[in-house]
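A short write-up of the structure that comes next.
Number of protein chains: 2
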Amino acid sequence: METEDIVHTPEVCNRHVIAVRDALYVLNGKWKLPLIIALSDGPKRFNEIQRSLVDISPKILSKELKELELNEFVERKVFSTTPVTVTYELTPYSKTLDKVMDELRSWGELHRQKIVASRKSKLS
Amino acid sequence: METEDIVHTPEVCNRHVIAVRDALYVLNGKWKLPLIIALSDGPKRFNEIQRSLVDISPKILSKELKELELNEFVERKVFSTTPVTVTYELTPYSKTLDKVMDELRSWGELHRQKIVASRKSKLS
DNA sequence: CATACTACTATCCCAAAGGATACCAGTATC
DNA sequence: GATACTGGTATCCTTTGGGATAGTAGTATG
Numbered sequence: 019m020e021t022e023d024i025v026h027t028p029e030v031c032n033r034h035v036i037a038v039r040d041a042l043y044v045l046n047g048k049w050k051l052p053l054i055i056a057l058s059d060g061p062k063r064f065n066e067i068q069r070s071l072v073d074i075s076p077k078i079l080s081k082e083l084k085e086l087e088l089n090e091f092v093e094r095k096v097f098s099t100t101p102v103t104v105t106y107e108l109t110p111y112s113k114t115l116d117k118v119m120d121e122l123r124s125w126g127e128l129h130r131q132k133i134v135a136s137r138k139s140k141l142s
Numbered sequence: 019m020e021t022e023d024i025v026h027t028p029e030v031c032n033r034h035v036i037a038v039r040d041a042l043y044v045l046n047g048k049w050k051l052p053l054i055i056a057l058s059d060g061p062k063r064f065n066e067i068q069r070s071l072v073d074i075s076p077k078i079l080s081k082e083l084k085e086l087e088l089n090e091f092v093e094r095k096v097f098s099t100t101p102v103t104v105t106y107e108l109t110p111y112s113k114t115l116d117k118v119m120d121e122l123r124s125w126g127e128l129h130r131q132k133i134v135a136s137r138k139s140k141l142s
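In order, the protein sequence lines correspond to chains A and B. This note's numbering puts the first residue of the first sequence at 19, with every later residue one more than the last. This note's numbering puts the first residue of the second sequence at 19, with every later residue one more than the last.
Spelled out as structure tokens, the structure:
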């Protein structure tokens, strides 16, 4: 049942390439995932995010948040306090990324272990 | 059982960010995944790959193949025919990416559908 | 003897990503 | 009146990714 009866026509491969690229296009860049993870324990304000992700400049943070908003991973809420406060929080749609993130995370851990192990064996 | 008893300490989040970044670091760029998919139906020679991935220049192809080799996704084999031929093929380790790729692919398809749907609703 | 094939490398160039710094309006605080 | 807070923008700069083009050594083929 789990056997690989995959057909390797150029068309099928091409669809796969496109789908995977679509996914990576949305997730790539230096800050998208750190941002999503930073927001995963609740809404945060602009300056709060900037403080928790050390070394991100306001220009970059602004740009990344806009992109996350466009992709509907993040909702921006404005409160008319004085001064105005703005919060950013994850949308329900962002939860559809959970399995992708889990796989990326566990594979990333596996790969790091492998790298470390192969470094050691080369020091033999 | 599937409930989210995730602890959101900065340390845990940080480990997650690092692992996910490690994974994306290996997969990103314009050509890594097309290359892996291109090799998924068997070994290919350098010029064969270049012909099947239209528009990749030899410099880029060479660089990408070296990186894939470093990460042990691809094995390079030299045959002393005349002229020398070189083949590239996926390693068993590259199969550890299967689940990641599947998740990325299916999420990419989901996301594309969402984009298309939301475009339509905005044309209302 | 010229051309084509093998697998590349070298050089130069352009565009995009990312970052540093200064600045904006408005209000509150010292 | 100076400073600090809110959430950003504007400008300039550097780094990185990627691409175009030409060239390499050695052999074979016309």
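Glycine included, C-beta positions come from ideal geometry on N, C-alpha and C. On a predicted model such as this, the values are computed, not experimentally measured, just so you know.
(1) State the DSSP-derived secondary structure class of K48 (chain B), mapped to helix, strand or coil.
(2) In chain order, which continuous runs of the beta strand (DSSP E) of length 3 or greater are located wholly inside the stretch 85–121 of chain A?
(3) Could you tell me the alpha carbon to alpha carbon distance between F12 (chain A) and S98 (chain A), rounded to whole angstroms?
(4) Between P52 (chain A) and chain B, is any beta-carbon pair separated by less than 8 Å?
(5) Below 8 Å on the Cβ atoms is my contact criterion, and I expect T103 (chain B) with R63 (chain B) to pass it. Report the Cβ-Cβ distance as a whole number of Å.
(6) Does the beta-carbon distance from L108 (chain A) to L57 (chain A) come in below 8 Å?
(7) How should V38 (chain B) be labelled, buried or exposed, when 16 other C-beta atoms within 10 angstroms of its C-beta is the threshold for buried?
(8) What span of residues does the alpha helix (DSSP H) with I74 (chain A) cover, start to end?
(9) Report the residue from B:W125, B:G47, B:I55, B:K140 whose alpha carbon sits nearest the alpha carbon of E85 (chain B).
(10) Output, in sequence order along the chain, the residues in the stretch 118–139 of chain B whose CB is closer than 9 Å to any CB in chain A.
(11) Give the interface partners of D73 (chain A) over in chain B, defined as CB-CB distance under 7 Å, in chain order.
(12) Could you check whether the stretch 112–120 of chain A touches the stretch 112–127 of chain B, counting it as contact only if at least three pairs of C-beta atoms, one from each stretch, sit closer than 8 Å?
(13) Please classify Y43 (chain A) as buried or exposed, where buried requires at least 16 neighbouring CB atoms within 10 angstroms.
(14) For the stretch 56–82 of chain A, which residues have a CB atom closer than 9 Å to at least one CB atom of chain B, in sequence order?
(15) Under 6 Å Cβ to Cβ from L79 (chain A), same chain only, skipping five residues before and after it: list those, please.
(16) Could you name the residues of chain B that V44 (chain A) contacts, counting a contact when the two beta carbons are closer than 7 Å?
(17) So with Cβ pairs under 8 Å, would you call L86 (chain A) a contact of chain B?
In terms of the structure at hand:
(1) Here residue 48 (chain B) corresponds to residue number 30 of the second sequence, with the count starting at 1. Note: K48 (chain B) maps to coil in three-state DSSP.
(2) 92–97, 103–108
(3) Residue 12 (chain A) lies beyond the residue range present for chain A, which begins at 19 and ends at 142; the question has no answer from this structure.
(4) As a working mapping, residue 52 (chain A) is identified with position 34 in the first sequence. The beta carbon of P52 (chain A) sits closer than 8 Å to some beta carbon of chain B.
(5) Taking the second sequence and counting its residues from 1, the one referred to as residue 103 (chain B) is at position 85. Taking the second sequence and counting its residues from 1, the one referred to as residue 63 (chain B) is at position 45. Contact holds; Cβ gap of about 6 Å.
(6) Position 90 of the first sequence, counted from the first residue, corresponds to residue 108 (chain A). Position 39 of the first sequence, counted from the first residue, corresponds to residue 57 (chain A). It is a contact, given that the beta carbons lie within the stated cut-off.
(7) Numbered from its first residue, the second sequence carries residue 38 (chain B) at position 20. Looking at its Cβ environment, which holds 16 or more other Cβ atoms inside 10 Å, V38 (chain B) is buried.
(8) Residue mapping note: residue 74 (chain A) aligns to position 56 of the first sequence, counting from 1. Note, I74 (chain A): premise wrong, no alpha helix (DSSP H); not H, not E.
(9) As a working note, residue 85 (chain B) is residue 67 in the second sequence. Selected option, being the one with the closest Cα: B:G47.
(10) V118, M119, D120, E121, L122, R123, S124, W125, G126, E127, L128, H129, R130, K132, I133, S136
(11) Position 55 of the first sequence holds residue 73 (chain A). Simply none; closest approach about 13 Å.
(12) yes
(13) Numbered from 1 along the first sequence, position 25 holds the residue referred to as residue 43 (chain A). So Y43 (chain A) counts as exposed.
(14) Taking 9 Å as the Cβ-Cβ cut-off against chain B, the residues of the stretch 56–82 of chain A that qualify are A56, S58, D59, G60, S70.
(15) For the purposes of this step, residue 79 (chain A) is taken as the residue at position 61 of the first sequence. Cβ within range, chain order: Q68.
(16) The residue given as residue 44 (chain A) occupies position 26 in the first sequence. Ordered by position in chain B, the residues that pass the 7 Å Cβ test against V44 (chain A) are H129.
(17) Indexing the first sequence from 1 puts residue 86 (chain A) at position 68. Output row for L86 (chain A): interface = no.
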